[in-house]
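> First, the structure itself, so that you have it in front of you.
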Amino acid sequence: MRILMPVDASEYSKAAVAFVASRSTLLKNPTEVGLVNLQYRVPARAARALGKEIVQSYYAAEAEKALKAAAAALERAGANVATRYAVGTVADDLASIVANDRADLIVMGSHGDTGLKKLLLGSVASTVAVSCTKPLLILRGAPIPKRDSLKVGIALDGSPYGAAVARFVARHRDLFGASPSVSLIHVVPDLARITVPGWIEREVPTGIKPEQVEAMQRAAFENVFKPAHDLLARAGITPAEVRLVGQVPGDAIAAQAAKSRLDLLAMGSLGFGASRHTFMGSVATRVASRCRTALLLVRER
Numbered sequence: 009m010r011i012l013m014p015v016d017a018s019e020y021s022k023a024a025v026a027f028v029a030s031r032s033t034l035l036k037n038p039t040e041v042g043l044v045n046l047q048y049r050v051p052a053r054a055a056r057a058l059g060k061e062i063v064q065s066y067y068a069a070e071a072e073k074a075l076k077a078a079a080a081a082l083e084r085a086g087a088n089v090a091t092r093y094a095v096g097t098v099a100d101d102l103a104s105i106v107a108n109d110r111a112d113l114i115v116m117g118s119h120g121d122t123g124l125k126k127l128l129l130g131s132v133a134s135t136v137a138v139s140c141t142k143p144l145l146i147l148r149g150a151p152i153p154k155r156d157s158l159k160v161g162i163a164l165d166g167s168p169y170g171a172a173v174a175r176f177v178a179r180h181r182d183l184f185g186a187s188p189s190v191s192l193i194h195v196v197p198d199l200a201r202i203t204v205p206g207w208i209e210r211e212v213p214t215g216i217k218p219e220q221v222e223a224m225q226r227a228a229f230e231n232v233f234k235p236a237h238d239l240l241a242r243a244g245i246t247p248a249e250v251r252l253v254g255q256v257p258g259d260a261i262a263a264q265a266a267k268s269r270l271d272l273l274a275m276g277s278l279g280f281g282a283s284r285h286t287f288m289g290s291v292a293t294r295v296a297s298r299c300r301t302a303l304l305l306v307r308e309r
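Below you can see the structure in the form of C-alpha cells.
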C-alpha cells in the first residue's frame, strides 16, 4: 500500500503520523509512506533582499521541522518513508501533488471544527479534498486509537459510492488491523409518518399498515447490505448490521458513530465539487458537522 501524508509541525499532523505508525498489521507488509510538507513562498521583496541561497536554506530548515520527526516515527514502525517539500500554495501546489501521486490513500490531520458555519475539515484539508479523487482519511481531533484492530462503521446508501467504500475496506483490510470490528450502517425513512413542509412543519401518518412498513424497510436493508456483505466476505470480514430509521440520515449516522464509539467512519462521496463546504455531499457534510470521528471518504471515478 502507498500512503501520502501532507504534514506540518502541528499536533494534528503528529496525530495522523501516530495513527499510521500504529497500523502494525499493515506495516508487516511493504508499505510506502510519502511525506510532503508545504512551505509558503517568501514575499518577493524579502526574497530578493535575502538572496536565493538563504531563502532555499530557510525553506529546507522549516520543512525539516515537520518531516524529520514524522519520518523517524514511521520508519521505527516499519514503513518505507520518502520525504519532500514544495513551495507554493495549498490550492495549487499541494493539491497538484496529491492529485498526481500514485497513492492508494491520502491521510491528513485536521482541527476540523464542528458547526456548519466553519470549514468542517479545516482549511488545508478542505482545500485538498476539493480536487482529491483518491480515498481520503481525515483524523479530526478524536483520540487516536492505540490498538491495531479498529472499530469501523461503513455508511451505505444503496448507491455505487457505498459499494466503493466496502470494496476499499476489503482490498485494504490490513489498514484496519488484524481483527477489525466492522458494522454496516444504513438509514431508512420512517414510512409510517412523513413530515409535511410549511410555515410550521408537522408530521402526518402515511396510512401504510405497520406490517407493510416493516416489510418495506426490511427489503430496503437487505438490498443495501447484501452487496457489501459479498464484497467484505472476500476479505474474510463478517460485518454486523446497524439498521436505523430516521428522516435525516446524516444525523442518524453521526449519532450512531458516537454511540458505538467508532474509531473510524467510512463513507462514499458523490464527488468533490467547487465549494469547500459541500464537496462531500449533504449526508457526509452533516455527519462531519455533528461528530469528530475519523472520516474515510471514498470517491470512485
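Everything in the sequence shown is counted per this note's numbering, starting at 9 for the first residue and increasing by one. Glycine is no exception: its CB is placed at the ideal position from the N, C-alpha and C atoms.
Confirm, please, whether the CB-CB distance from ASP101 to LEU46 is below 9 angstroms.
yes
> Kindly indicate which three-state DSSP category MET9 falls into: helix, strand or coil?
coil
> Throw me the rounded Cβ distance for the PHE184 and VAL306 pair, which I believe falls under 8 angstroms.
Actually they are not in contact, since the Cβ atoms of PHE184 and VAL306 sit about 13 angstroms apart, beyond 8 angstroms.
> Can you tell me whether DSSP reads ARG92 as helix, strand or coil?
strand
> Tell me LYS159's beta-bridge partners as DSSP assigns them.
Partner(s): SER189.
> Using a Cβ-based criterion (distance less than 8 angstroms to any ligand heavy atom), does ALA26 qualify as near the ligand ATP?
Looking for the ligand ATP in the displayed structure turns up nothing, as the structure carries no ligands at all.
> Give the list of continuous beta strand (DSSP E) stretches no shorter than 3 residues that lie fully inside the stretch 214-255.
248-253
> What does the alpha-carbon distance come out to for the pair TYR67 and GLU19?
20 angstroms
> In terms of alpha-carbon separation, which member of VAL196, THR39, THR246, LEU35 lies closest to GLU222?
VAL196
> Measuring alpha carbon to alpha carbon, tell me which of LEU75, GLY96, ALA57 ends up nearest ALA17.
Ranking LEU75, GLY96, ALA57 by Cα distance to ALA17 puts LEU75 first.
> Any contact of the stretch 292-305 with the stretch 145-154, i.e. 3+ C-beta pairs under 8 angstroms?
yes
> Need the endpoints of the beta strand (DSSP E) that ALA302 sits in, please.
302-306
> Looking at the secondary structure, which residues open and close the beta strand (DSSP E) in which GLY42 lies?
40-47
> Whether or not the stretch 36-44 and the stretch 87-96 are in contact is what I'm after, with contact meaning three or more pairs of Cβ atoms, one per stretch, closer than 8 angstroms; do they touch?
yes
> Tell me which same chain residues have a C-beta within less than 8 angstroms of the C-beta of ASP182, skipping the five on either side of it?
MET9, ARG31, THR33, LEU34, LYS36, ASN37
> Span of the beta strand (DSSP E) holding ALA111?
That residue, ALA111, is in no beta strand (DSSP E); it is neither H nor E in DSSP.
> My output table needs one value for GLY152: the three-state DSSP class, helix, strand or coil.
According to the sequence shown, residue 152 is Ile rather than Gly. Looking at ILE152 - three-state DSSP - the assignment turns out to be coil, as it is neither helix nor strand.
> Given a threshold of 16 other Cβ atoms within 10 Å of its Cβ, counted over all protein chains shown, does GLY244 qualify as buried or as exposed?
exposed
> Please list the segments of the beta strand (DSSP E) lying wholly inside the stretch 52-100, counting only runs of 3 or more residues, in order along the chain.
With a minimum length of 3 residues, the continuous beta strand (DSSP E) runs that stay inside the stretch 52-100 are 88-95.
> When the Cα of GLU249 is compared with those of PHE233, ARG242, ALA241, which residue comes out closest?
Cα-wise, what sits closest to GLU249 is PHE233.
> Roughly how many whole angstroms lie between the Cα atoms of SER104 and LEU158?
Looking at the two C-alpha atoms, the distance is approximately 31 angstroms.
> From this set, VAL44, LYS22, GLU219, which residue's C-alpha is nearest ASP198's C-alpha?
Cα-wise, what sits closest to ASP198 is GLU219.
> When you compare the CB positions of MET13 and GLY170, do they come within less than 9 angstroms of one another, or not?
Not closer than 9 angstroms, so no.
> Any idea what DSSP makes of GLY166, helix, strand or coil?
coil
> Please say whether ALA262 and SER297 have beta carbons closer to each other than 9 angstroms?
yes
> What does the Cβ neighbour count give for ASP238, buried or exposed, with the cut at 16 atoms within 10 Å?
exposed
> Under the DSSP definition of a beta bridge, which residues are partnered with ALA194?
This sequence places His at residue 194; Ala is not what is there. DSSP, once it has assigned bridges, lists ARG251 as partnering HIS194.
> Are there 16 or more other CB atoms within 10 angstroms of the CB of ARG242, so buried, or fewer, so exposed?
exposed
> Check whether the Cβ atoms of LEU192 and ALA227 lie closer than 9 angstroms to each other.
no
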